Structure formats: C-alpha cells, structure tokens
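Trainee: In our numbering, the protein residues as written are 791 to 1011.
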C-alpha cells in the first residue's frame, strides 16, 4: 500500500463527496414536496420507513431506492478515479462507509438522519450482490417472524456483523458488480468496515429496541 494513501488528495475528496451524497435526505425531501415534515410525524425519523408510514408504499419505495443508490453511486464514481485494483478496493470500502455515515448524520438536517440500512445495502450490492440479497432474504424472513421493521433491521445488522467478522478471520475472494476483492488484506478491510457499519446501524435503532422490549414486557404481564 502507498504510504501516502490516506493523505492522497483525491481520496480525501472522494470521501467528502461520498459523505455529502450520503447526506442528501431524499425521503425527507420527498416528504416536504408532499407537504409532510418527517421530522415532526410518526417516528420523527427522516428515512424511507417513516416516509412509507406517512405517504404510502409508492413514495416509500422511491425513497428506499434513492437511499440504496446513495451507497452505490459514490463507489461507482470512485471506481473511475483509480486504476490499481487493490487500491480501488480499499478506497471503495472507505467511500462506502462515508456514504453510510453521511446518511445517518446529515449536515443538511443538522446531524439528524436515517438509520443506514438502505445505504448499507447499496454498498453491499456494489461489493457482493449475493451477500446483499442473502441478507435481504434473512431480513424479510425475520420481519415476517418478528413483525417489526426496526427489530428485523437490528437482527439483520447483527447477521451482517457476524459475516464481517467471518470475513476478517477467514477471508474469501469474491467479485462484485463494481469491485473485485481478491487479496486477503482487501477482504479483511471489508470485513472490519462491515462490522463497524452494522454496529452503527444497531446503535441507530436503540429506540426501536426499547419500544420492542416494552411491548414484550407489557404483553407478558
């Protein structure tokens, strides 16, 4: 790895660009366009789930797709900026993480933001679509079993963290849509960042966890 890798100006610009793209609160913008302030209705979260609850599935689906693209587009742009595959992979991992952080802590909403699930899905699609689709299937099954989008997302994130830990301990090669991770260091970097992102998602669902525990406690009384 280039010793000046993390001081590379293009890399820093790509990180900032990914953060800003991730920060665009599409669901909130759609809500305002339709006369609804998502920060003041429902859960108060400016994400696609709250958009769906207040404006219906069609608008919610649009917000969801745009949130997923926030994870894909920065990596697509980054891919065209670098040539060396090994360099591109590590750049892409960091750029994807920056997009997720931007989604969760949008400066356009004074630090408020979504919970990171859809944008993380976009990042995973760029790296390994089969992994992303497997986690989606796991999420759907969990949702049907639990009946809570938030708790299903938490369980899915924990599953993603477990996969990330596995990738760190037992690296395996894969070829994604945009990025090919074939070296052990690349795979371990991806695993480590996946763990951190998934833990961030869990932390963003603390209210959902509290509400679920309260509901279970009330039901058992």
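We put the beta carbon where it would ideally sit given N, CA and C, even for glycine. Bear in mind the structure is a predicted one, so any value in this text is a computation, not a measurement.
Quick check: is any heavy atom of the ligand SAM less than 7 Å from the C-beta of residue 893?
Mentor: Ligands are entirely absent from the displayed structure, and the ligand SAM is therefore not among its contents.
Trainee: Pick out whichever of 955, 974, 992 and 953 has its Cα sitting closest to the Cα of residue 942.
Mentor: The sequence position of residue 942 within the chain shown is 152, counting from 1. Closest option to residue 942, Cα to Cα, is 992.
Trainee: Taking the alpha carbon of residue 816 as the point to measure from, which residue in 1003, 955, 869 and 856 has its own alpha carbon closest?
Mentor: Position 26 of the chain shown holds residue 816. Among 1003, 955, 869 and 856, the Cα nearest to that of residue 816 is on 856.
Trainee: Taking C-beta to C-beta, are residue 832 and residue 843 nearer than 8 Å?
Mentor: By 1-based counting over the chain shown, the position of residue 832 is 42. By 1-based counting over the chain shown, the position of residue 843 is 53. Yes; because the gap between Cβ atoms is below 8 Å, this pair is in contact.
Trainee: Spatial neighbours of residue 994 within its chain, please: C-beta separation below 7 Å, excluding the five flanking residues on both sides.
Mentor: Indexing the chain shown from 1 puts residue 994 at position 204. Around residue 994: 894, 905 and 906.
Trainee: In chain order, which alpha helix (DSSP H) runs of at least 4 residues are fully inside the stretch 845-925?
Mentor: Those alpha helix (DSSP H) runs which fall completely within the stretch 845-925 and span 4+ residues are 847-869, 875-894 and 907-917.
Trainee: Taking all protein chains shown into account, do 16 or more other C-beta atoms lie within 10 angstroms of the C-beta of residue 960, making it buried, or fewer, making it exposed?
Mentor: The sequence position of residue 960 within the chain shown is 170, counting from 1. Residue 960 comes out exposed.
Trainee: Helix, strand or coil for residue 814? Go by DSSP, reduced to three states.
Mentor: The residue given as residue 814 occupies position 24 in the chain shown. DSSP places residue 814 in coil when its eight states are reduced to three.
Trainee: Going by other Cβ atoms of all chains shown within 10 Å of its Cβ, with 16 needed for buried, is residue 836 buried or exposed?
Mentor: Stepping through the chain shown from its first residue, residue 836 is reached at position 46. Buried, because 16 or more other Cβ atoms sit within 10 Å of the Cβ of residue 836.
Trainee: Nearest-angstrom Cα distance between residue 874 and residue 800?
Mentor: Along the chain shown, read from residue 1 onward, the residue named residue 874 stands at position 84. Along the chain shown, read from residue 1 onward, the residue named residue 800 stands at position 10. Unreliable placement is indicated for residue 874, whose pLDDT of 49 sits below 50; the coordinate value is still reported in the next sentence. In a straight line, the C-alpha of residue 874 is about 14 Å away from that of residue 800.
Trainee: How many whole angstroms separate the CB atoms of residue 982 and residue 958, which I take to be in contact at a CB cut-off of 8 Å?
Mentor: Mapped onto the chain shown, residue 982 falls at position 192. Mapped onto the chain shown, residue 958 falls at position 168. Yes, they are in contact, since the Cβ atoms of residue 982 and residue 958 sit about 6 Å apart, within 8 Å.
Trainee: Whose C-alpha, out of 909, 820, 944 and 826, is nearest the C-alpha of residue 863?
Mentor: Taking the chain shown and counting its residues from 1, one reaches residue 863 at position 73. Comparing Cα-Cα distances from residue 863 to each of 909, 820, 944 and 826, the minimum goes to 909.
Trainee: Taking the alpha helix (DSSP H) that residue 836 belongs to, which residues open and close that run?
Mentor: Counting from 1 along the chain shown, the entry for residue 836 is found at position 46. Element bounds for residue 836: n/a, residue is neither H nor E.
Trainee: Starting from the C-beta of residue 808, find all residues in its chain whose C-beta is less than 6 Å away, skip the five residues before and the five after it, and write them out in chain order.
Mentor: Numbered from 1 along the chain shown, position 18 holds the residue referred to as residue 808. Around residue 808: 864, 885, 888 and 889.
Trainee: Would a C-beta distance cut-off of 8 Å place residue 951 and residue 926 closer than the cut-off?
Mentor: Locating residue 951 in the chain shown gives position 161, counting from the first residue. Locating residue 926 in the chain shown gives position 136, counting from the first residue. No, the Cβ-Cβ distance between residue 951 and residue 926 is not below 8 Å.
Trainee: Looking only at C-alpha atoms, which of 803, 860 and 902 sits nearest to residue 829?
Mentor: Along the chain shown, one-based indexing puts residue 829 at 39. Taking only the C-alpha atoms, the option nearest residue 829 is 902.
Trainee: Roughly how many angstroms lie between the CA atoms of residue 948 and residue 984, to the nearest whole one?
Mentor: Residue numbering aside, residue 948 sits at position 158 when the chain shown is read from its first letter. Residue numbering aside, residue 984 sits at position 194 when the chain shown is read from its first letter. Roughly 10 Å separates the two Cα atoms.
Trainee: Which residue comes first and which comes last in the alpha helix (DSSP H) that contains residue 943?
Mentor: Translated into positions along the chain shown, residue 943 becomes position 153. Residues 939-959.
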